[in-house]
Amino acid sequence: MKYKYIEEGEGEVVILLHGLMGAVSNFESTIKTLPKAGYRVILPMLPLYDLSILKTNVNELVNFINKFTKDLNIETFSLLGNSLGGHIGLILALQHPKKVKHLIF
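Set out below in structure tokens:
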């Protein structure tokens, strides 16, 4: 699968999850600030309009992020979620507690 994402910095991984109507601009200052503090920041674009209508739901988006982290060989990470991104992060943390180090809403 081909992913669209922004990646900045090196260090512990922080994944930013945007909301339903979210965009990169929601996290503009975060993407600039966290790498300066020693974090690797990754903002994947959720495939909200790429999935079929029957598969556009929170569980499929959780599966997408789980596969995304596996494909990028990211074993543990912190999640920062906004709106729908927070919902995805919560379910992912419950399903994979050993992967998600911190959850920030």
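This note's numbering applies: residue 16 is where the sequence shown begins, and numbers increase by one. All C-beta atoms in this analysis are idealised placements derived from N, C-alpha and C, irrespective of residue type, glycine included. None of these values were measured; they are calculated from a predicted model.
- The secondary-structure analysis by DSSP pairs leucine 63 with nothing; it has no beta-bridge partner.
- Nearest in C-alpha terms to glycine 96, of all of Leu66, Glu23 and Gly34, is Gly34.
- The beta strand (DSSP E) runs lying completely inside the stretch 29-60 and spanning 3 residues or more are 54-59, given in chain order.
- Note on geometry: alpha-carbon atoms of isoleucine 106 and asparagine 74 lie some 8 angstroms from one another.
- Annotation: leucine 118 is outside any alpha helix (DSSP H); the continuous beta strand (DSSP E) that includes it extends over 115-119.
- If you draw a straight line from the Cα of isoleucine 119 to the Cα of lysine 70, it is about 26 angstroms long.
- Under DSSP, glycine 96 takes part in a beta bridge, and its partners are Leu32.
- DSSP places glutamate 75 within a helical segment (H, G or I) once states are collapsed to three.
- For glutamate 23, the enclosing beta strand (DSSP E) stretches over residues 20-23.
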